[in-house]
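Contents: one structure, followed by commentary.
2 protein chains.
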Amino acid sequence: MKTTTLKDIAKEAGFSITTVSKALSQNEHLDVSKKTKEKVQHIARKLHYTPNQLAINLKNSRTYTIGVILPTVVHCFFARVLNRIIEKAEKNGYLVIALQSNEKSSAEKKMVNLLLDKKVDGILISLSNETKDFTHLKKILSKKIPLVLFDKIEPSIDCSKVSVNDKQAAYEAVSFLISKGHKKIAHFRGDLNPKVSKDRFEGYKKALIDHGILYDPSLIYVSNTNSDYEDGYSFTQKLLAEHPDVDAIFTVTDLIAIGAINFLQKHSIKIPEDIAVFGFSNWTTSSMICPALSTVEQPSAMMGEVAVKILLEEIRMQKEQKAYNIREIILPAKLIIRQSC
Amino acid sequence: MKTTTLKDIAKEAGFSITTVSKALSQNEHLDVSKKTKEKVQHIARKLHYTPNQLAINLKNSRTYTIGVILPTVVHCFFARVLNRIIEKAEKNGYLVIALQSNEKSSAEKKMVNLLLDKKVDGILISLSNETKDFTHLKKILSKKIPLVLFDKIEPSIDCSKVSVNDKQAAYEAVSFLISKGHKKIAHFRGDLNPKVSKDRFEGYKKALIDHGILYDPSLIYVSNTNSDYEDGYSFTQKLLAEHPDVDAIFTVTDLIAIGAINFLQKHSIKIPEDIAVFGFSNWTTSSMICPALSTVEQPSAMMGEVAVKILLEEIRMQKEQKAYNIREIILPAKLIIRQSC
DNA sequence: TTGTAAGCGTTATCAT
DNA sequence: ATGATAACGCTTACAA
Chain A
36 MKTTTLKDIA KEAGFSITTV SKALSQNEHL DVSKKTKEKV QHIARKLHYT
86 PNQLAINLKN SRTYTIGVIL PTVVHCFFAR VLNRIIEKAE KNGYLVIALQ
136 SNEKSSAEKK MVNLLLDKKV DGILISLSNE TKDFTHLKKI LSKKIPLVLF
186 DKIEPSIDCS KVSVNDKQAA YEAVSFLISK GHKKIAHFRG DLNPKVSKDR
236 FEGYKKALID HGILYDPSLI YVSNTNSDYE DGYSFTQKLL AEHPDVDAIF
286 TVTDLIAIGA INFLQKHSIK IPEDIAVFGF SNWTTSSMIC PALSTVEQPS
336 AMMGEVAVKI LLEEIRMQKE QKAYNIREII LPAKLIIRQS C
Chain B
36 MKTTTLKDIA KEAGFSITTV SKALSQNEHL DVSKKTKEKV QHIARKLHYT
86 PNQLAINLKN SRTYTIGVIL PTVVHCFFAR VLNRIIEKAE KNGYLVIALQ
136 SNEKSSAEKK MVNLLLDKKV DGILISLSNE TKDFTHLKKI LSKKIPLVLF
186 DKIEPSIDCS KVSVNDKQAA YEAVSFLISK GHKKIAHFRG DLNPKVSKDR
236 FEGYKKALID HGILYDPSLI YVSNTNSDYE DGYSFTQKLL AEHPDVDAIF
286 TVTDLIAIGA INFLQKHSIK IPEDIAVFGF SNWTTSSMIC PALSTVEQPS
336 AMMGEVAVKI LLEEIRMQKE QKAYNIREII LPAKLIIRQS C
């Protein structure tokens, strides 16, 4: 069964396509007599008319679609962000095309092109760890497509950004450990590139220094594989061998922390009495293991919400040909203290 | 800077739009002289021409976009499925619009309409628990849009389906518990509606019967809130009060099992010596808690992969006006035995 | 109040 | 080998 178009309605109603279009338009001040309007609308309903979005898209050069590129959806944090992005976008009449870079810069670039081809109205990106060249982002901007970076952002790019104050959160977490009497605090950090990893590391260092504890580089272990959990486990083993007197571990992610906890438990080392553990991210898992992991709660949903909100505003401004200022939002994270410290 | 169109190239090259279109087309046997072709392609590159997909979409009535509706992305299983769907779709030139029903039937219906309006080429749905009326699915089919249901499927709908053999997996899990000597096995099940919950329950029952154990309805606890974890915890408490001699618990999801484990641990009940626990779904968490949870691994990625594969095939057939047969794939699940039993 | 015609950017058909 | 024209379905000046 062929889908009905304005033409079909026009034929049936005995009006021109134009009049039918007007009669069906939301636009109130489009002179059509009440009678015609009703007749047309009635026929439209009878024939199950739905406007062909493709045609409207072409006409308006808008798709009411936004694209999202994130490292992966199989990750609590990103899943929560995406969840809120989809919800909020839909509530505002936008659909979301989701894409995953899997931390590959090349994939990210390709996906930007796909979205540009698709003529999405705006793009949201959480950069891959690997991304060091930003021409693809500049390309988006040069086409005047609104772009908002979130979580993994790049300061040098001239677009709105939403991120979490990782450094501050790490600072607070380590300060908390210190306030509990811990003095020799190891840090299991992530690779150098992602800004978040660097920020958390710096927060750690600053907390030590501010509290008069000497920063000891040998207490730092860098995870650059993708197996956080295993790294947490093996780093702890190594750490205990190298620093038997360590009394706390602060990790860059919960997963690493959980690996650490499992090693400690397997070797009957008491948490937090012998060694305290502090994670970062508040994975679902973290509240369910025992001892439950103290960690930093990142405002994931909030991040998604703010990112779409800004993007949609920019899309609107853009459409109305108005200039808009880019915004850089830094959301606060908060400590969640459980039993592991 | 205005985006370049065929018109711009035509003007610059001194050819008609038609010729330019032909010169740029993939279609080889479209008589254009080698010289013109090269000239046109050169100019196209110079002007950074990219075809306007919107126009092509309108022309072809295709969008190379598929829609996915699932209960939520914030769930290991669905995130993994979605992950693979996105990947596989993209590899085949399709983009994915993701939508979440949050287990609301009304939302699901609305989203189907959104996707239909957007003229997606095909739709993938994992039904919400609440969905009992299927007119929205029939609407999709009546428009000849390929539809594939996965995981939460509805047998009565005439479309392809991909699901997991939940009943068989539950049967094997419970049989395993029995083989380990457990005789009084409780079951924490989910609500009645989702087919998966029913299937797992039936597998449980069948295993008991087949092994000569009397099915005792008082050992069944039904979780119909959305707080699986808490239910697992409180059900265990209740269970121990009502059946102090219970020796194993089989749960409909890992989350419930983890709730149970935490209660048992808090009350120093040994796992699996006093009570064994068997979950279902293999959440990431399950391997990280202690004792690590024995569970059923569902082939999530495989499910996503198979679902898109079938959908894309049907889209192709549909486009070529060929008839196709619907397929019903049932994927096997496998037991993962860890320390909790 | 209603209708004609042009246009969005592309491609297919049919001349030339 | 190249090009004019129509068509996809809709919107919107501009006429009538």
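Protein chains in written order, with the numbering used here: chain A, 36 to 376; chain B, 36 to 376.
For every residue, glycine included, the Cβ atom is placed at its ideal position computed from N, Cα and C.
| Item | Value |
| --- | --- |
| Secondary structure of ARG97 of chain A, DSSP reduced to three states | coil |
| Bridge partner(s) assigned by DSSP for GLU363 of chain A | A:LYS196 |
| Amino acids of chain A, ordered along the chain, whose beta-carbon sits closer than 8 Å to that of GLN135 of chain B | ASN118, ILE121 and GLU122 |
| Of the residues B:HIS110, B:ALA221 and B:SER329, the one placed nearest HIS278 of chain B, counting alpha carbons only | B:ALA221 |
| CB of ILE192 of chain A within 8 Å of CB of MET323 of chain B, strictly | no |
| Nonlocal neighbours in the same chain, by C-beta distance under 6 Å from VAL257 of chain A, ignoring five residues either side | ARG224 |
| Against chain B: residues of the region 336 to 354 of chain A by CB proximity under 9 Å | none |
| 8 Å CB neighbourhood of ALA45 of chain B in its chain, flanking five on each side removed | SER51, ILE52, THR54 and VAL55 |
| Segment contact, 8 Å Cβ cut-off, at least three pairs: the region 178 to 189 of chain A with the region 334 to 349 of chain A | yes |
| Proximity of LEU328 of chain B and ASP289 of chain B at Cβ, strictly below 8 Å | yes |
| Per-residue burial, LEU249 of chain A [other beta carbons within 10 Å of its own, 16 or more giving buried] | exposed |
| CB contact below 8 Å: ASN4 of chain A versus chain B | Summary: the structure shown does not reach residue 4 of chain A, with chain A confined to residues 36 through 376, and so no result is reported for it. |
| Chain-ordered neighbours of VAL131 of chain A on chain B, where CB pairs are closer than 9 Å | ILE132, ALA133 and LEU134 |
| CB contact flag (SER136 of chain B, MET146 of chain B, <8 Å) | yes |
| Continuous beta strand (DSSP E) assignments of at least 3 residues falling wholly in the region 208 to 269 of chain B | 220 to 224 and 255 to 257 |
| Candidates A:HIS171, A:PHE285, A:VAL281 and A:ARG119, of which the one nearest MET338 of chain A by Cα | A:ARG119 |
| Residues bridged to THR288 of chain A [DSSP beta-bridge criterion] | In the DSSP output, where bridge partners are listed per residue, THR288 of chain A has none listed. |
| Complete beta strand (DSSP E) runs within the region 119 to 153 of chain A (minimum length 3 residues, chain order) | 130 to 135 |
| Counterpart residues of GLY157 of chain A in DSSP-defined beta bridges | A:ILE101 |
| Per DSSP, the bridge partner or partners of SER15 of chain B | This structure cannot settle anything about residue 15 of chain B, because the visible part of chain B is limited to 36 through 376. |
| Other residues of its chain near PHE236 of chain A: CB distance less than 6 Å, five sequence neighbours each side excluded | ARG224 |
| Buried or exposed (CB count within 10 angstroms, at least 16 for buried), ALA79 of chain B | buried |
| Distance between THR320 of chain A and HIS77 of chain A (C-alpha atoms, nearest Å) | 55 Å |
| Any C-beta of chain B under 8 Å from that of ALA358 of chain A | no |
| LYS179 of chain B - DSSP class collapsed to helix/strand/coil | coil |
| Short Cβ contact (8 Å threshold) for VAL280 of chain B with LYS219 of chain B | The amino acid occupying residue 280 of chain B in the given sequence is Asp; Val does not appear at that position. Cβ distance < 8 Å, so ASP280 of chain B and LYS219 of chain B count as in contact. |
| Contact list for the region 152 to 166 of chain B against chain A, Cβ threshold 8 Å | ASP152, LYS153 and LYS154 |
| Sequence-distant residues of the same chain with beta carbon closer than 6 Å to THR286 of chain A, five excluded per side | PHE223, ALA292 and GLY314 |
| LYS37 of chain A (DSSP reduced to helix, strand or coil) | coil |
| For LEU184 of chain B, three-class secondary structure by DSSP | strand |
| Through-space distance from LEU105 of chain B to PRO190 of chain A, alpha-carbon basis | 35 Å |
| Proximity test, Cβ basis, 8 Å: GLN61 of chain B and chain A | no |
| Length of the line joining the Cα atoms of ALA205 of chain B and TYR239 of chain B | 6 Å |
| Chain-ordered neighbours of THR107 of chain B on chain A, where CB pairs are closer than 8 Å | ASN118 |
| Partner residues on chain A for ALA90 of chain B, Cβ-Cβ distance less than 7 Å | LEU93 |
| Selected residue, minimal CA-CA separation from CYS194 of chain A, among A:ALA295, A:GLU355 and A:PHE169 | A:PHE169 |
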